[in-house]
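Trainee: The sequence shown maps to residues 996 to 1258 in the working numbering.
Just so it is clear, CB atoms sit at the ideal spot from N, CA and C, and this is done for glycine as well.
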Amino acid sequence: MATIIPVPAFSDNYIWLLREGSNAAVVDPGDAAPVAAYLDRERLALTAIINTHHHGDHVGGNEDLLARAAVPVFGPARERIPGITRGLAGGDTIVIPGIGLELAVLDVPGHTAGHIAYFGRPGPADEGGAPVAFVGDTLFAGGCGRLFEGTPAQMFESLSRLAALPGATRVYCAHEYTLANLRFARAVEPGNAALARRQEREQAKRDRGEPTVPSTLADELATNPFLRAAVPEVFAAAQAHAGRALATPVEAFAALREWKNHF
Ligand SMILES: [Zn+2]
C-alpha cells in the first residue's frame, strides 16, 4: 500500500498524496502547483485525482493537473467536479489506479450537499495496517466542517457514520485547524483529561512544525465535542450555552456548531 504524504497548499490545506512505486494519486488538489512540484521533484507519474466535495480549495487544481496527465477523476456524483470521469455515491467502491488501494465510499452530506468520504484497509504489512479515511471537510481533527449546504441532522448522521469506523482508523482531513478546534473543545469540556493531554501533544507537534493530521478515530471519539454531543458533560455544556432545554443529541450538536461559529 501507498505511503500517504501531506502536500501543504494555501494557508492551511492539506492535499493528501498517495505514493506507490513511481505512481501517485492525490486527494482534493485545491492547487495544482504544489502537487506538480512534488511530482516533478520525486519523478512520480500522476495516476488519479480523488475529490470529496466541490469547494474550490479542494478541486481548484484538477484542470491544471489534467493538462499534465489525463487521469481518472473520482468525485461525488451529486456535485460539479471539474474533469470528473466517475461520479460516486455511498456504497460504491473504487480501486485507485496505479496505487491499488481499494476505497469504500460513504455519503457524508452536511458541509456540502453531496460530500463523500473514502475508507480503505491497507494490507497488514503497510502503514502499520491501520485503516484510513479521507474525510475532506466533514470531520476535522478536534472539530467538524461548517454546515454550508446541509442541516445539523444530516451532519450529525454523517459524523455518526464516520464514528462507526474502526477506532484505529487514521483520519485524513483537509485542513490544519486542530489547535483552534481544541481550544473550543476545552471550553466545552474543561474536565476532559484526554482532551487536555491531546492539546499538549498537538501543540508540541505544531511547535516542531509538524502536521497534527492524520489523527485517529479513537482520539476523535475521546476528545472531539462534535462526536460527543450525547455525552452528558457535552450535552449539558451545549444546553447551558444555548440557554434553553435541548431534547436530543442532534439539538446539542446544532447548538455546539452554532457556538463554535461565534467562538
Ligand atoms: Zn469545503
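For the structure I just gave you, are there three or more beta carbon pairs, one from the segment 1192–1207 and one from the segment 1156–1166, closer than 8 Å?
Mentor: With a cut-off of 8 Å, the segment 1156–1166 and the segment 1192–1207 do not count as touching, because too few Cβ pairs lie within range.
Trainee: CB of Gly1145 to nearest heavy atom of ligand 1: below 7 Å?
Mentor: Every heavy atom of ligand 1 is 7 Å or more from the Cβ of Gly1145, so no.
Trainee: Within the present structure, is the beta-carbon of His1236 separated from the nearest heavy atom of ligand 1 by less than 7 Å?
Mentor: No, ligand 1 has no heavy atom inside 7 Å of this Cβ.
Trainee: Should the segment 1138–1149 be called in touch with the segment 1103–1115, which here means at least 3 C-beta pairs below 8 Å?
Mentor: Because the criterion of three Cβ pairs below 8 Å is met, the segment 1138–1149 and the segment 1103–1115 touch.
Trainee: Would DSSP call Pro1092 helix, strand or coil?
Mentor: Of the three classes helix, strand and coil, the one that applies to Pro1092 here is coil, per DSSP.
Trainee: Pull up the distance between the alpha-carbon of Thr1080 and that of Pro1092, whole angstroms please.
Mentor: Spanning the two alpha carbons is a distance of roughly 13 Å.
Trainee: Kindly examine ligand 1 and report whether one of its heavy atoms sits closer than 7 Å to the Cβ of His1050.
Mentor: His1050 Cβ: within cutoff of ligand 1.
Trainee: Could you name the residues of the same chain whose beta carbon sits closer than 7 Å to that of Pro1147, not counting the 5 residues immediately before and after it, in chain order?
Mentor: Around Pro1147: Val1245, Phe1248, Ala1249, Arg1252.
Trainee: Taking Cβ to Cβ, would you say Asp1023 is nearer than 8 Å to Thr1047?
Mentor: Cβ distance < 8 Å, so Asp1023 and Thr1047 count as in contact.
Trainee: Distance, Cα to Cα, Leu1241 vs Cys1139?
Mentor: About 20 Å.
Trainee: Note down the Cα distance separating Thr1042 from Ile1094, rounded to an integer number of angstroms.
Mentor: Their backbone Cα atoms lie some 8 Å apart in a straight line.
Trainee: Which residue marks the beginning of the alpha helix (DSSP H) containing Gly1042, and which one marks its end?
Mentor: At residue 1042 the sequence reads Thr, which differs from the Gly that was named. It is not in any alpha helix (DSSP H) - Thr1042 instead sits in the beta strand (DSSP E) that spans 1040–1045.
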